[in-house]
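In UniProt numbering, the protein residues as written are 1 to 324.
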C-alpha cells in the first residue's frame, strides 16, 4: 500500500476526520444532535421479517438516550436540547436525530409529519435518520431525496457486519446484498450515508471485524459509526453470552482494532463515532466502556504512537457529501 500524508482537514489535534470537525466546517460553529424516539417499530420485531429484533438491541431500540416516546416530538426535542445545552451552552444549531428503532418504517405521510415538525423547530439545521436497508421503499426514498435538496440530511444505515453468518446469529433478518441495494438507492439521489458497524459480535474474531471495515472502505458511503458491542440486561444476546458464544473485547484489543480500521478507511470518510456507552444500570459488559473519554484518548495515543492516521493505508477514495 502507498503511504499517504496526514490530511490537513483533520485539524492539528486529531488523526481522523471527526463528525464535530466536519460540522464546524459545514456550519462554522458547534452543532449537536438531539436524539429522538419517533414511535416507530422494526420489521424484525413485529413479524414482518422476523420476531424479537436484533439480539443486541435494547427494549428502547438502541435509543436508550433518546427522548421519551410517551412524549410528542416537540416535547422530546425541547427536553433533550435543554439537557445537552448544559454541556454546550452557547450552541444554537441542532440536528434532529431520529435514533430509536427503524425510522423509515412507516408510510410516507407519517414520516413526513414526524420529520417536518422537527425541521420547523428554531435552530434546527437538518436531520439524521437511523434505519435499516430493507426499509427503503421507493416512495420513502423519493421523499428523502426531496428532503436532501432542501435541508442538511444524513441517513444512518445499520450494517453491523458483512458476515451473513453473524447476521443470522444476531437476527438481523437481512443480508449484505440487501445492504448494498439500500446504499445504492440512497446514493442515486446523492443522500449521504453513515454506516453502523459493531466490533465484538458473537463468534467474530478481530480479523473478521477488520474485514467488515475493509468492505465498508470500498463502498460509496460518506461516514461510519464504529460501535463497541455492549451487552445489556434483558436483551436476547444475554442467552448467547450465557452459552459462551460471546466474549467481551478487552480495552487494549479494542483500541488496537479501531486504529487498524481507521488506517484503512478513506481519509474523507467522516467518523461519526468510535465508541459509546450504554446505560450503566443495564450494562453487563464490557464495563471499561463506560469510561468513554478514556477509550477515545487511548485511540488518539495509539495513533500517535504508531505515527499513523485515518486513511494512511487506504486503497480507495469516497464520493463527497455534496448535495444536488
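Idealized CB from N, CA, C, for every residue including glycine. Small disclaimer: the values here were computed from a predicted structure and weren't measured.
Taking the DSSP output, what are the residues bridged to residue i?
i           : result
residue 130 : 156
residue 110 : Per DSSP, none; premise fails for residue 110.
residue 46  : 51
residue 163 : Bridge partners of residue 163: none, in fact.
residue 98  : 36 and 129
Check this for me: beta carbons of residue i and residue j, under 7 Å apart or not?
i           : j           : result
residue 100 : residue 46  : no
residue 257 : residue 199 : yes
residue 194 : residue 223 : yes
residue 87  : residue 34  : no
residue 117 : residue 140 : no
residue 282 : residue 239 : no
residue 144 : residue 126 : no
residue 158 : residue 231 : no
residue 251 : residue 288 : yes
residue 217 : residue 316 : yes
residue 94  : residue 123 : yes
residue 277 : residue 290 : yes
residue 299 : residue 255 : yes
Can you give the beta carbon distance from residue i to residue j, rounded, assuming they're within the 8 Å contact cut?
i           : j           : result
residue 102 : residue 131 : 5 Å
residue 165 : residue 196 : The Cβ separation is near 19 Å, so there is no contact.
residue 362 : residue 24  : Past the boundaries of the shown model lies residue 362; the chain is included only from 1 to 324, so the question cannot be answered.
residue 55  : residue 236 : 4 Å
residue 228 : residue 246 : The Cβ separation is near 13 Å, so there is no contact.
residue 133 : residue 211 : The pair is not a contact, with the Cβ atoms about 19 Å apart (cut-off 8 Å).
residue 138 : residue 183 : Not really, about 15 Å apart at Cβ, beyond 8 Å.
residue 207 : residue 161 : Not a contact, Cβ separation roughly 13 Å.
residue 59  : residue 67  : Going by Cβ atoms, the distance from residue 59 to residue 67 rounds to 15 Å, so no, they are not a contact pair.
Taking residue i as the reference, give the member of the options with the closest Cα.
i           : options               : result
residue 148 : 179, 269 and 192      : 192
residue 20  : 55, 91 and 253        : 91
residue 49  : 172, 293 and 225      : 172
residue 243 : 97, 202 and 211       : 202
residue 325 : 105, 138, 120 and 121 : Because the chain is modelled from 1 through 324, residue 325 falls outside the range shown and cannot be assessed.
residue 136 : 111, 121, 160 and 124 : 111
residue 18  : 280, 274, 279 and 316 : 274
residue 41  : 213, 119 and 69       : 69
residue 304 : 9, 8 and 13           : 13
Assess contact between the region 249 to 265 and the region 302 to 309, defined as three or more Cβ pairs (one per stretch) separated by less than 8 Å. Is contact present?
yes
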